[in-house]
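Respectively, the protein sequence lines represent chains Y and U. Heads up, the first sequence is in the working numbering, so the first residue is 164 and it goes up one at a time. Heads up, the second sequence is in the working numbering, so the first residue is 4 and it goes up one at a time.
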Amino acid sequence: MAKEIKPSEEQLSYAALLDIGMKLGLIGIVITFAIYVFGIFSPYLPVEDLPQYWKLNVHKYLEVTRIQSGWAWITLLHKGDFLNFLPIAFLSALSIICYIRILPIFLKKKESIYAFLALLQVLILLLAASGILKVGGH
Amino acid sequence: MRWLLRTFSMVALLLLFTCVISMAAETTPQVMEGGSSFPWWAWPLLLFIVTFILGIIAVLGGVGGGVLFVPIVGGFFPFNLDFVRGAGLLVALSGALAAGPGLLRRGLADLRLTIPLALIASTSAIFGAMIGLSLPKNVVNTLLGLTILGIVVIMLTAKKSEYPEVKKADALSRALKIYGIYYEPTTGKEVEWKVHRTPIALLLFVVIGIMAGMFGLGAGWANVPVLNLLMGVPLKVAVSTSKFLLSITDTSAAWIYLNSGAIIPMIVVPSIVGIMLGSIVGVRVLAVAKPKVIRWVVIGLLAFSGLRALLKGLGIWT
């Protein structure tokens with residue numbers, strides 16, 4: 164008979180939020196991709212032209228397609244291909260949301276080191292997500 | 004009889020995989036030169052089939068999907084390595100996010116152990132991603148090839164320790180309260196664990212983070228030996244914590260690729276769905292598969308694709 168060993172409150176809270184978010188994100192990926200391939204929203208790049216673009220390096224790709232880097236994809240969400248960025252970005256933001264969720268738990272438990280580390284992690288991930296650190300290409 | 008059936012299944016799987024890979028390799032020049040002789044949809048479809056098989060093999064071989072995805076798709080598909088690495092990171096990230104809740108709830112992945120390591124690894128992964136996207140393609144291919152061949156050596160030589168002995172926890176891990184307990188159903192016992200050599204591990208996670216971001220590989224192949232052999236984390240907790248850790252390390256690098264434009268949904272989505280479905284099938288096949296045979300299949304695939312990336316980078320096999 165398995166003995167009940169309960170993980171910490173913050174660990175369970177993190178798991179619960181991650182579980183919901185991960186399922187939403189993966190369902191979102193499938194739905195937006197279906198919208199894309201069935202042509203419900205017209206894509207920014209015609210699908211039949213993709214083989215011309217995916218062989219280019221990212222610098223050349225952005226130049227030829229005139230796609231802006233950073234968060235510019237937000238303005239193109241009405242395009243079938245860019246709609247897929249929504250669940251992808253959501254999945255990429257999920258860890259940030261989970262860390263924000265456990266931050267007050269650490270503070271409540273007076274675990275100041277972990278509260279500081281969690282806050283630092285949120286800031287690092289937000290910096291990565293901000294678009295300030297994008298690479299122009301080579 | 005059962006042995007024969009298993010061997011047959013493995014050979015069939017390998018043949019199917021080789022067939023698809025050869026098809027991809029043979030048809031690449033048509034697209035690159037003509038642009039229209041091979042329909043555009045064939046590539047995402049082929050990618051889905053290959054990643055589905057990779058998903059099965061990854062589970063059976065006990066490796067993450069990302070480590071197989073980048074060298075194989077990068078080596079045999081017409082996609083630029085920038086987009087393959089972006090997709091590889093998202094494949095590894097999705098797998099880690101999907102596994103995370105279960106591992107955390109069962110107490111196999113440990114949040115306290117993860118938080119300091121993830122902070123170091125995710126910060127380094129940002130720099131890794133920026134370096135990777137700034138370097139010329141041939142340099143990245145050469146370094147990727149060398150890294151993959153290095154992983155093969157690690158897989159061939161690294162030992163694993165089910166329950167490593169940690170006589171005394173180090174001061175840093177004591178200050179951070181990194182210790183734990185989990186229930187081991189195979190022995191019916193509770194396993195208590197603590198860690199040592201935490202400062203050295205943190206330094207190594209700088210390197211691991213850079214490599215994860217640079218090559219989009221995921222980093223389970225490096226996380227597990229550091230957690231298990233260096234820090235003394237029991238193997239089950241090391242493997243689970245490594246998987247969960249990837250969800251944070253790969254998040255930072257994924258954002259750099261996303262913001263730099265290195266994401267093409269037509270490459271990313273079939274890969275994520277293929278690997279996920281393959282993993283589900285892989286878990287079922289795991290019950291009847293022969294782990295030793297699969298381990299050799301994984302090592303063989305990695306060695307071959309690593310060599311391909313290296314020779315591509317050096318301009319010998321383009």
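Glycine is no exception: its CB is placed at the ideal position from the N, C-alpha and C atoms.
Quiz prompt | Contacting residues, own chain, Cβ-Cβ under 8 Å from Val229 (chain U) (five flanking each side not counted) | solution = Ala204, Leu207, Phe208 and Ile211
Quiz item: Got a sec: is the Cβ-Cβ distance from Ala312 (chain U) to anything in chain Y below 8 Å?
Solution: no
Quiz prompt | Minimum C-alpha distance to Leu50 (chain U) - residue among U:Gly277, U:Gly309 and U:Phe307 | solution = U:Gly277
Quiz item: If we cut at 8 Å on Cβ distances, does Ile211 (chain U) have a partner in chain Y?
Solution: no
Self-check item: CA nearest to the CA of Met279 (chain U), picked from U:Pro42, U:Glu187 and U:Gly58
Solution: U:Gly58
Practice problem: Taking only beta carbons into account, state which residues of the region 256-267 of chain U come closer than 7 Å to chain Y, listed in chain order. | Solution: Ala257, Trp258, Ile259, Leu261, Asn262, Ser263, Gly264, Ala265, Ile266 and Ile267
Quiz item: Would you call the region 249-259 of chain Y and the region 218-232 of chain U touching, i.e. three or more CB-CB distances under 8 Å?
Solution: no
Exercise. For Leu93 (chain U), go through chain Y and note every residue whose CB falls closer than 7 Å to its CB, in chain order.
Key: Ile251
Exercise. At 7 Å on the CB atoms, spell out the chain Y contacts of Asn85 (chain U), in chain order.
Key: In the sequence under discussion, the amino acid at residue 85 (chain U) is Asp, which differs from the Asn named in the question. Correct list: Asn220 and Val221.
Quiz item: Is the Cβ of Lys297 (chain Y) closer than 8 Å to any Cβ of chain U?
Solution: yes
Practice problem: Compare the Cα-Cα distances from Val300 (chain U) to each of U:Ala90, U:Val62 and U:Pro119 and report the closest residue. | Solution: U:Val62
Quiz item: Is the CB of Phe208 (chain U) under 8 Å away from at least one CB in chain Y?
Solution: no
Quiz item: If you count every other CB in all the chains shown that lies within 10 Å of the CB of Val227 (chain Y), and 16 or more means buried, which is it?
Solution: exposed
Self-check item: chain Y contact residues for Val272 (chain U), given Cβ-Cβ distances below 7 Å
Solution: Ile192, Phe196 and Asn247
Quiz item: Residues of chain U with a CB under 9 Å from the CB of Ser275 (chain Y): which are they?
Solution: The contacting residues do not exist; Ser275 (chain Y) stays about 12 Å from chain U at best.
Practice problem: With a 10 Å radius around its C-beta and 16 neighbouring C-beta atoms as the bar for buried, classify Ala174 (chain U) as buried or exposed. | Solution: exposed
Self-check item: CB contact check: Val210 (chain Y) to chain U, cutoff 8 Å
Solution: yes
Practice problem: Report the option in U:Val284, U:Lys170 and U:Pro42 whose CA atom is closest to the CA atom of Pro81 (chain U). | Solution: U:Pro42
Exercise. Take Leu304 (chain U) as the anchor and find which of U:Ile56, U:Pro47 and U:Glu165 has the nearest alpha-carbon.
Key: U:Ile56
Quiz item: Can you list, in chain order, the residues of its chain whose CB lies under 6 Å from that of Leu233 (chain U), leaving out five sequence neighbours each side?
Solution: Arg200 and Ala204
Practice problem: Counting only the same chain and skipping the five closest in sequence on each side, list residues whose C-beta sits under 7 Å from that of Asp113 (chain U). | Solution: Gly183, Val240 and Thr244
Practice problem: Check the Cβ-Cβ distances between Ser258 (chain Y) and every residue of chain U, and say whether any is below 8 Å. | Solution: yes
Quiz prompt | Length of the line joining the Cα atoms of Ala99 (chain U) and Leu93 (chain U) | solution = 10 Å
Quiz item: Less than 8 Å separating the beta-carbons of Gly67 (chain U) and Ala45 (chain U)?
Solution: no
Exercise. Determine the DSSP secondary structure at Lys242 (chain Y), reduced to helix, strand or coil.
Key: coil
Practice problem: Mind listing, in chain order, the continuous beta strand (DSSP E) runs of no fewer than 3 residues lying wholly within the region 125-187 of chain U? | Solution: 182-187
Quiz item: Ordered along the chain, which non-local residues of its own chain (more than five positions away) have a Cβ less than 6 Å from that of Val271 (chain U)?
Solution: Ala90 and Leu93
Exercise. Give the residues of chain Y in contact with Pro104 (chain U), contact being defined as C-beta atoms less than 8 Å apart.
Key: Ala178, Ala179, Leu181, Asp182 and Met185
Self-check item: CB contact below 8 Å: Ile237 (chain Y) versus chain U
Solution: no
Quiz item: What separation, rounded to the nearest whole angstrom, lies between the Cα atoms of His241 (chain Y) and Thr195 (chain Y)?
Solution: 11 Å
Quiz prompt | Simplified DSSP assignment, three categories, for Val291 (chain U) | solution = coil
Self-check item: Host beta strand (DSSP E) of Val194 (chain U) (start-end)
Solution: Lys192 to Lys197
Practice problem: Please check if any C-beta of chain U sits within less than 8 Å of the C-beta of Tyr199 (chain Y). | Solution: yes
Self-check item: Exposed unless 16 or more other CB atoms sit within 10 angstroms - verdict on Thr308 (chain U)
Solution: It should be noted that the sequence gives Ser, not Thr, for residue 308 (chain U). Buried, because 16 or more other Cβ atoms sit within 10 Å of the Cβ of Ser308 (chain U).
Self-check item: Uninterrupted alpha helix (DSSP H) stretches inside the region 30-112 of chain U (no shorter than 4 residues)
Solution: 45-64, 68-79 and 84-108
Quiz item: CB Val198 (chain U) to CB Tyr185 (chain U), shorter than 8 Å?
Solution: no
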